[in-house]
Each structure stands twice: as structure tokens, then as C-alpha cells.
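Asks: Got a structure for you, written out below as C-alpha cells; questions coming shortly.
Protein chains: 2
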Amino acid sequence: MADSERSMATIKDVAVRAGVSVATVSNALNGKPNVGSAARRKVLDAAKTLGYRPHRAAQAMRTGRTRAIGLVLPDLTNPFFSQLAQAVESKARRLGLLACLIDSQNAADAELEGLSLLAQHGVDGIIWCPVGARLPRLLGALDRPIVLIDRPRPGFSVVHANNAMGGRLLAQHALQNGHSRVGLLSGPRNVQSAQQRRHGFVSAFPDRIQIAWEVRVGFDGILPREAREALLRRRGATLVVAGNDLIAISAMRFLHEHDVQVPADVSIVGFDDISWARIVTPRLTTIAQPLGAIGTRAVELLHECMSGAQAQNPALMLDVSLVERDSVRSI
Amino acid sequence: MADSERSMATIKDVAVRAGVSVATVSNALNGKPNVGSAARRKVLDAAKTLGYRPHRAAQAMRTGRTRAIGLVLPDLTNPFFSQLAQAVESKARRLGLLACLIDSQNAADAELEGLSLLAQHGVDGIIWCPVGARLPRLLGALDRPIVLIDRPRPGFSVVHANNAMGGRLLAQHALQNGHSRVGLLSGPRNVQSAQQRRHGFVSAFPDRIQIAWEVRVGFDGILPREAREALLRRRGATLVVAGNDLIAISAMRFLHEHDVQVPADVSIVGFDDISWARIVTPRLTTIAQPLGAIGTRAVELLHECMSGAQAQNPALMLDVSLVERDSVRSI
DNA sequence: GCAATTGAGTTAAACGTTTCGCTCACAAGG
DNA sequence: CCTTGTGAGCGAAACGTTTAACTCAATTGC
Chain A
149 MADSERSMAT
159 IKDVAVRAGV
169 SVATVSNALN
179 GKPNVGSAAR
189 RKVLDAAKTL
199 GYRPHRAAQA
209 MRTGRTRAIG
219 LVLPDLTNPF
229 FSQLAQAVES
239 KARRLGLLAC
249 LIDSQNAADA
259 ELEGLSLLAQ
269 HGVDGIIWCP
279 VGARLPRLLG
289 ALDRPIVLID
299 RPRPGFSVVH
309 ANNAMGGRLL
319 AQHALQNGHS
329 RVGLLSGPRN
339 VQSAQQRRHG
349 FVSAFPDRIQ
359 IAWEVRVGFD
369 GILPREAREA
379 LLRRRGATLV
389 VAGNDLIAIS
399 AMRFLHEHDV
409 QVPADVSIVG
419 FDDISWARIV
429 TPRLTTIAQP
439 LGAIGTRAVE
449 LLHECMSGAQ
459 AQNPALMLDV
469 SLVERDSVRS
479 I
Chain B
149 MADSERSMAT
159 IKDVAVRAGV
169 SVATVSNALN
179 GKPNVGSAAR
189 RKVLDAAKTL
199 GYRPHRAAQA
209 MRTGRTRAIG
219 LVLPDLTNPF
229 FSQLAQAVES
239 KARRLGLLAC
249 LIDSQNAADA
259 ELEGLSLLAQ
269 HGVDGIIWCP
279 VGARLPRLLG
289 ALDRPIVLID
299 RPRPGFSVVH
309 ANNAMGGRLL
319 AQHALQNGHS
329 RVGLLSGPRN
339 VQSAQQRRHG
349 FVSAFPDRIQ
359 IAWEVRVGFD
369 GILPREAREA
379 LLRRRGATLV
389 VAGNDLIAIS
399 AMRFLHEHDV
409 QVPADVSIVG
419 FDDISWARIV
429 TPRLTTIAQP
439 LGAIGTRAVE
449 LLHECMSGAQ
459 AQNPALMLDV
469 SLVERDSVRS
479 I
């Protein structure tokens, strides 16, 4: 009895204890119809008292499914992604799936290497926020369901937030607070979500909001000189609209160091509502993405794809909401 | 040729293409000595042109090793852990190991469930920052190398920072800046690292630093009423020493809302140097843990344990350093 | 020149599942 | 009474590796 716990009981052990064949054990455990109720009971009992757990590797070899999924992210250090990761892992576990992590640290080659590692381990599907603008060739070869997250690519399932809507919400909020001349610290041109945020904002009230200036900035929040100069001169802008919270927070930090007060001297808004948005001074007004929901839905979608159901709805777009805090002044 | 890429080439395919037996392929690929240089070449060539990758599940079944490790953390959302996770994943990948994530969200039962999921998948080892004060019974049953991270438990390998040293560094810094009366917002009594930080600080200069008050606070930075009151009254303390950065930042936020200026009215120090420490206002003076090194060393240690080498050094303690920023005033 | 040794390669078993096809008993239909 | 059908269960093959045991030729030692 002591060693029944020690090194994992096998299906064979269950079979002998229940007095049936291994085939019957397998059938009983997997709910196949061709097993009588008496035998089924015996098997279930035996399995329980032996603490039997199917050997995943063996199962995988026979069935080709591992009940593991891959999660490929560009940067766990970014709270946006760590929240996402938390949601994904949690939902996966609730479905009995193991989440295998790859953090490419924004390097396309590391990402590729990671994908290949996942493929080698035979994960059943992949949730992926790609760093490269176009998806690498490898994709055909890895041949598993993929659900993109946050960054759509033609021909792929994706779940992401309604970025354009966020942009519009921001425009509306700007107007309501009397800002009609703004500066843009937009995200990278090759990241689609950045484009949509920008487009949502600019096209919402083209005749009532003027763009005083615009500079493109990386999503990591590092401000090039051009951006810093723009922040200092401002050319009449009373509000700066940042491509995401990291950018907004960097800008706030920079302004603070140069003795310009937010929001007294200039207002600022972000996008994402990462947890940092709540702790900076002043607290940042921003657009909240339903991070938990995005992660959860992505896993659900992937799970459906894995169960053969060809997803007809390759794109899932979730609503965002404005969260008002202290970084916008009403004028 | 088209379908040689499609559904993963097997060792058999390599064997026929190279004109040898599968055993020889296996031996060649695993660097066994009993294969001639001519055959070895042929095998290597065939494997490369076929894009052969060993089927991990099959390998696992035969050898009992999966080349995957588990990473069990209490809260990915906490930047301390997400940085750790990044380091762990990166190092693991460099060793050809897949990192499987469990985020228990500080719930002991979720943690247990996660460990069992990992065991079922047959991970070769586990890196674990445990939430519970004492380790659950299950442990004997899961029977794989375990390396703890940040939180030592009797009888287990651990890699963590020198918390006591951090406490001493802080005390020294306090004195250098003329603070001889301080308040303590210590971490939880049942978390060892919290105790060591506190002890390092208090016992460094017992006769030159007075503790004006102390209240125990959770590491998540949520301030109970007692703590808030203490922050407002202060009883002559010119410096508050927080159990970690989250606590320090919460305190700063609270003080700011009640119009007391940091560091003009009161100074404050944290512990951990999470990324937030850099972005709050004022930027937080704190103790930096070598997060990257902790993660890396943990993986290395685990890897050694997995390779049979019984680790003689169950505990690895890494030095910390003071990072001076703007939250301490010299008086 | 013959036995012993070595080097290079092969065959086949094993790992723990799932599943296909089979058997066997029994019931129903004619 | 014989065929056919059905429900319950079993035996064995297969999945892709690794590895122990083995063969066979060439080389060495004497």
C-alpha cells in the first residue's frame, strides 16, 4: 500500500485490482458505452483507491494530444501582459490545460525559437501575441490551432479590444473637458492596435479637435528626443494623447522633471489601464481594456478550435471603457 | 517532399533516408560512441534535411524525462514575480527546457491543484515560491526535484536574496541621512523574508535608531486602518521603512492624498526595487534584489538536481544593493 | 594462424495508453 | 431450430523513442 502512492499507479494496476482487462479500464475511464455498470463501478473504485492518474506522455503518444497549450508573449514585465498571462493560465487550468510560457522579450528570433520548442513538446494550441509585423514562414509547419491576442494578422483568429472605440471615447472625453487642441504621442506605425487607437481618436471629431503635433513612439515608453522636445514646446496643445499607459507615464515623469505640472499645465491620457496607472501621480486617466476577459475568451476560443470545431468567427472584439482619474483638467 | 515538412518526420524516416537502422539514428543523435563517422554524417544530414525533431512525448515515455519544468508563483501581476518569471523562462529556454506556468493567485488550494497538474504532466522539476506557511503533504507524492525561490522552508533547496543585509543597508542609509527615529511598516509575521528584513534593520544599530512605531502589513500593499493612522501621526518618526515596495508605494499614495509631502515632510524607503519604484513620484529609494540572477540561479540549481547531482548546497543567498533615489531627505 | 578483443551496427523489447477487431453468451426473429 | 443481432468484454497492435542484448567482421595478441 505504501508504494501504491510512491511511483504513479498505471492503468494495468487498476486493471488487475478491478479484475478486468486494461482495455475495459480505459473504456470505463473515458466514458465509452461498451462497459457494464458493474465493471464500471469496480474500475472507478480501483482507480480512486490507487490514486490513478493517466500518464500524460503515454496518452499523448497514442492520441496526439497533450492537453497543454502555449502562451507566447513579448514581455511579461509589461503589466499589460502579466495580467493577460494570469487570466490565460487561470482559465486554462480550469479547463485542465497546462499553460506553457514563452517570453520572447520582444525578440523575433527568440519568439521563433520558443514556438519551435512548443511545437516539439506537442502543445495542442497556441495563444500568441506576435512581435513581428508579419508572421514567420514557420507557421505552416507548426500546424496547430493558433489564437492571436491583441494583435490581429490577416487569416488568423484573434481576440482583442475595440481600440478604435477607445480612441473615440478619448476624443469625446477631451471635448467634454474643453480640450480642442492636442498633441499625439502615438504608438508604432507597424502595430495595428496603435493605428486603430489613433484613427479612432482623430476621426471622431475631425472638425472640433486639432492635432497640434504628433510623434511616433515605441510601446515600451522610451521617449526619443523628438518626443521630449514636443512635450516641452507643446505648441498650444492642452492635452497629450499617448499611445499607451507606458508612454503616458514616461511623459508624465519627463514633464515632472522639467517642472511642468500635470494636469495643471497640461493634461494627459493613456491607454490600457495597466496597474501602474493607478499608482502614479497624478493617477492616470485612461482606457481600460477587459484584460481578464480577453485572456479568458482567447482560451475558450482556442479550446473550441482544439476540439475540432472550426471557428467561424476568427475575430472577437471586446468593448473598452473610459476610466477617469486625475490626469485631465477641465478647462 | 512537400509532406516531409507537414506532419513531423519520425526517427524511422530519418533511418530509411540515411540507410541505417533506427537504433543507429538514435545513437548518432544522442552522441553515443558506437557509431562510425560515415554513418553519423549520413544520419545528421538526413535529420537536417528532413527537419527532424524528436517527439517529446515518445521520448518522455521511454526515458521518464520531459525536459519541461514547472514554475509556481503566487501572483504574476506583482512585478517582482513577473520579472522573476521572465528570467526563469529565459534561462530555461536556453537550456532547452520548457517552462510551464502556474499562478496560484495566492490561493493555497489553487497552488496544490497546479502542482498536481504539473506532476501529471511529468515535469522534471519545479521552481516554486510557496504561498502557504508550511508545505503541503502532497510533496512526498510528487517526487521530483524542487527549488524554492525567495521563501525558504526547512529541508528544501532555496535561492533567495540576503534580506538581512538589505535591512542593514537601509539602517546605514537612514543614519547617514540623519534619521534616528523611524516608523516601521513591516511585512507579514509569517513570511520569513519579511522577518529577516526587519531584523537586519532593527539589529544593525540598536542604540542609534529608535523605533517610534511599527505596524504589520500584507505584502500586497493594502494598508489597514492602523497603518493609515500611524502614517498620519508619525510620533516623531522622520523616516518610514516599508516591508516592500508595494507597501511603500501605497503609503506614498496615501500620504500624498492627505497632503503630506514625501520626502519633505517624511522620508520613505522600500524593498525589492520593482519596476514601479522608478515611476512613482518621488522615485523610491529601495533595496534592489538581483531578480534576474535569482531566477537564473534557481534554474541552474534545479537543472543540476535534475541531472542527478544531489545538491549539497540547499541554500543560495545573493547579495542585494541599495539604490538611492528621491524618497529620502537628508536632515 | 587461431582465439580473443574491439568497433559498428542491428534486432527487438519496453514504456503506458487507446482503439480496432474479435469472441462469446444470450436474446430475438423467422 | 437456426440465423442474426446485440451488449459486454478481451487481446493485441500501434504510437515514437531508447537501450539491452546480440551479430558479424575486422583487428589484435600470441
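Protein chains in written order, with our numbering: chain A, 149 to 479; chain B, 149 to 479. By construction, the Cβ of each residue, glycine as well, lies at the ideal position given by its N, Cα and C atoms.
1. Using a threshold of 8 Å, state whether the C-beta atoms of Pro-462 (chain A) and Val-306 (chain A) are closer than that.
2. Against chain B, with Cβ distances strictly below 8 Å, would Gly-262 (chain A) count as a contact?
3. Across the region 421–434 of chain B and the region 215–224 of chain B, are there enough close Cβ pairs to call them in contact, namely three or more that are closer than 8 Å?
4. Quick check on Asn-311 (chain A): buried or exposed, where buried means 16 or more other Cβ atoms within 10 Å of its Cβ?
5. Is the region 251–267 of chain B close to the region 402–409 of chain B, with three or more CB pairs under 8 Å?
6. Would you please verify whether the beta carbon of Gly-384 (chain A) is less than 8 Å from any beta carbon of chain B?
7. Please state whether DSSP places Asp-251 (chain B) in a helix, a strand or coil.
8. Using the beta-carbon count (16 or more within 10 Å), is Asn-226 (chain B) buried or exposed?
9. Hey, does Arg-473 (chain B) have any beta-carbon neighbour from chain A nearer than 8 Å?
10. Take every Cβ of the region 328–337 of chain A, pair it with every Cβ of the region 389–403 of chain A, and state whether three or more of those distances are shorter than 8 Å.
11. Helix, strand or coil, according to DSSP, for Glu-472 (chain B) in the structure here?
12. With DSSP collapsed to three states, give me the class of Ser-341 (chain B).
13. Should Arg-154 (chain B) be labelled buried (16 or more other beta-carbon atoms within 10 Å of its own) or exposed?
14. Spell out the partners DSSP gives Val-307 (chain A) in its beta bridges.
15. In this structure, how does DSSP classify Gln-324 (chain B) when only helix, strand and coil are distinguished?
16. Check whether the Cβ of Thr-214 (chain A) lies closer than 8 Å to any Cβ atom in chain B.
17. Whole angstroms is fine: what's the gap from Arg-418 (chain B)'s alpha carbon to Arg-345 (chain B)'s?
18. Do the region 431–439 of chain B and the region 238–257 of chain B touch if we need at least three Cβ pairs shorter than 8 Å?
19. Give the interface partners of Asp-251 (chain A) over in chain B, defined as CB-CB distance under 8 Å, in chain order.
20. I need the DSSP call for Asp-151 (chain B), collapsed to helix, strand or coil.
21. Between Leu-224 (chain B) and the rest of its own chain, which residues show a CB-CB distance below 6 Å, the 5 nearest in sequence each way excluded?
22. Out of A:Ser-341, A:Phe-402, A:Val-330 and A:Tyr-200, which one is the CA nearest neighbour of Asp-355 (chain A)?
23. If you follow the beta strand (DSSP E) that Arg-477 (chain A) is part of, which residue opens it and which one closes it?
24. Quick one: what's got a C-beta closer than 7 Å to Gln-253 (chain B)'s C-beta in the same chain, skipping five residues either side?
25. When DSSP labels each residue in this structure, what does Gly-273 (chain A) get in the three-state scheme?
26. Taking Cβ-Cβ distances shorter than 7 Å, what residues in chain A pair up with Ala-206 (chain B)?
27. Run through DSSP, which three-state label would Ala-378 (chain B) get?
Replies: In terms of the structure at hand:
1. Start at 1 with the first residue of the first sequence, and residue 462 (chain A) comes out as number 314. Start at 1 with the first residue of the first sequence, and residue 306 (chain A) comes out as number 158. Yes, they are a contact pair.
2. Position 114 of the first sequence holds residue 262 (chain A). Output row for Gly-262 (chain A): interface = yes.
3. With fewer than three CB-CB distances shorter than 8 Å, the region 421–434 of chain B does not count as touching the region 215–224 of chain B.
4. Within the first sequence, residue 311 (chain A) is the residue found at index 163, counting from 1. When all chains shown are included, Asn-311 (chain A) counts as buried.
5. Verdict: no, contact absent.
6. The residue you call residue 384 (chain A) lines up with position 236 of the first sequence. With 8 Å as the cut-off, Gly-384 (chain A) does not count as an interface residue toward chain B.
7. Start at 1 with the first residue of the second sequence, and residue 251 (chain B) comes out as number 103. The answer is strand: DSSP assigns Asp-251 (chain B) an E or B state.
8. On the second sequence, position 78 is the one that residue 226 (chain B) refers to. Buried, by the Cβ-count rule.
9. Residue 473 (chain B) sits at position 325 when you count from the first residue of the second sequence. Taking CB atoms only, Arg-473 (chain B) has no neighbour in chain A less than 8 Å away.
10. Short answer: they touch.
11. Position 324 of the second sequence, counting from 1, holds the residue named residue 472 (chain B). Per DSSP, reduced to three states, the secondary structure at Glu-472 (chain B) is coil, with no helix or strand assignment.
12. Mapped onto the second sequence, residue 341 (chain B) falls at position 193. Residue state for Ser-341 (chain B) is assigned as helix, using DSSP reduced to three classes.
13. Looking up residue 154 (chain B) in the second sequence gives position 6. Per-residue confidence for Arg-154 (chain B) stands at a pLDDT of 48, beneath the threshold of 50, marking its modelled position as unreliable; the derived number appears in the next sentence. Exposed: under 16 other Cβ atoms inside 10 Å.
14. The residue labelled residue 307 (chain A) in the question sits at position 159 within the first sequence. DSSP output for Val-307 (chain A) lists A:Ile-297 and A:Leu-464 as bridge partner(s).
15. Locating residue 324 (chain B) in the second sequence gives position 176, counting from the first residue. The answer is helix: DSSP assigns Gln-324 (chain B) an H, G or I state.
16. Locating residue 214 (chain A) in the first sequence gives position 66, counting from the first residue. It does; some Cβ of chain B falls within 8 Å.
17. Position 270 of the second sequence, counted from the start, is the residue given in the question as residue 418 (chain B). Position 197 of the second sequence, counted from the start, is the residue given in the question as residue 345 (chain B). The sequence shown places Gly at residue 418 (chain B), not Arg. When rounded, the distance between both Cα atoms is 11 Å.
18. No contact exists between the region 431–439 of chain B and the region 238–257 of chain B.
19. Residue numbering aside, residue 251 (chain A) sits at position 103 when the first sequence is read from its first letter. Under the 8 Å cutoff, chain B gives Ala-233, Gln-234, Glu-237 and Ser-238.
20. Reading the second sequence from its first residue, position 3 is the one you call residue 151 (chain B). Here the model assigns Asp-151 (chain B) a pLDDT of 37, short of 50, so the residue's position is not dependable, and the following value carries that caveat. Correct three-state label for Asp-151 (chain B): helix.
21. As a first step, residue 224 (chain B) is located in the second sequence; it is residue number 76 there, counting from the start. Within the same chain, Cβ atoms closer than 6 Å to the Cβ of Leu-224 (chain B) are found at Ser-230 and Asp-251, the five residues on either side in sequence being excluded.
22. Residue numbering aside, residue 355 (chain A) sits at position 207 when the first sequence is read from its first letter. With distances taken between CA atoms, Asp-355 (chain A) lies nearest to A:Val-330 out of A:Ser-341, A:Phe-402, A:Val-330 and A:Tyr-200.
23. As a first step, residue 477 (chain A) is located in the first sequence; it is residue number 329 there, counting from the start. Looking at the DSSP string, Arg-477 (chain A) is not in any beta strand (DSSP E), and its letter there is neither H nor E.
24. Here residue 253 (chain B) refers to the residue found at position 105 of the second sequence. Exclusion of the five residues before and after Gln-253 (chain B) leaves Asp-223 as the residues of its chain whose Cβ lies within less than 7 Å of its Cβ.
25. As a working note, residue 273 (chain A) is residue 125 in the first sequence. In the structure shown, Gly-273 (chain A) sits in a strand (DSSP, three-state: E or B).
26. Looking up residue 206 (chain B) in the second sequence gives position 58. Within chain A, the residues near Ala-206 (chain B) are Met-209.
27. Walking along the second sequence from the start, residue 378 (chain B) turns up at place 230. The three-state reading of DSSP puts Ala-378 (chain B) in helix, counting H, G and I together.
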